[in-house]
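Going by my numbering, the sequence shown opens with residue 926, and the numbers climb by one from there.
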Amino acid sequence: MVTGRISGIASTFPPALAQQDAWDGFFSAHFSNSRLARRVWRTTGIEQRHTAVDPRVDDLSRASTGERMRRFADLALPLARDAVSKCLENCNLAPADVELFTVASCTGYLTPGLDILVARDLGMSTNVQRLHIGHMGCYAALPALSTLADAASARNKVGVMVCVELTSLHLQPSYR
């Protein structure tokens, strides 16, 4: 019986923003300095957030879906390439060794897909089997990992998965 195993893991994050700086520089006004919002913000235990888009500099809360997806394309591709490259390096694998490549994201879509672009940019084989799992929220990582593990185990193939979630692209307008 062939079984799959996780041989390596890597992660890449956008820049960090201090929780208090985010409140002082944007969210206080966004929530009309609501006492309740301030209390929730301060009691989360969060000290910093990794944000692809810093709302103090670039407020996308009223951006169109098209603008958000253009930003996703610009920001997600380098993060995904970096994470996959680091993972392959940790496993002593070359991109050409990857036979199954799965991408999960619910925060952005692009055409050609992130899976195609990362595979191309890293030099994976043109025969690599690809799968994009979307429209499932953050939960998508679980079925993505399960599907990849099943395929890798059943066919004794080398698989790689990357999850890219850029939630800061989807800040909603304040309605207060």
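Think of the CB as a built atom: it goes at the ideal place given N, C-alpha and C, for glycine as much as any other residue.
{"Item": "Cβ-based burial, C1063 [other Cβ within 10 Å; buried from 16]", "Value": "exposed"}
{"Item": "Span of the beta strand (DSSP E), counted from its first residue to its last, around I1041", "Value": "Looking at the DSSP string, I1041 is not in any beta strand (DSSP E); the run it does join, the alpha helix (DSSP H), is 1039-1047."}
{"Item": "Residue from M1061, T1032, K1082 whose Cα sits closest to the Cα of R1055", "Value": "K1082"}
{"Item": "Between the CA atoms of D999 and G1033 - distance to the nearest angstrom", "Value": "11 Å"}
{"Item": "Inside the segment 1047-1080 only - alpha helix (DSSP H) runs reaching at least 4 residues", "Value": "1066-1080"}
{"Item": "A1019, DSSP secondary structure in three states", "Value": "coil"}
{"Item": "Cβ-Cβ distance between R974 and A935 below 8 Å", "Value": "no"}
{"Item": "contact_flag[the segment 1061-1078, the segment 991-1005] where n(CB pairs < 8 Å) is 3 or more", "Value": "no"}
{"Item": "Cβ pair R1006, L1047 closer than 8 Å", "Value": "yes"}
{"Item": "Secondary structure of Q973, DSSP reduced to three states", "Value": "strand"}
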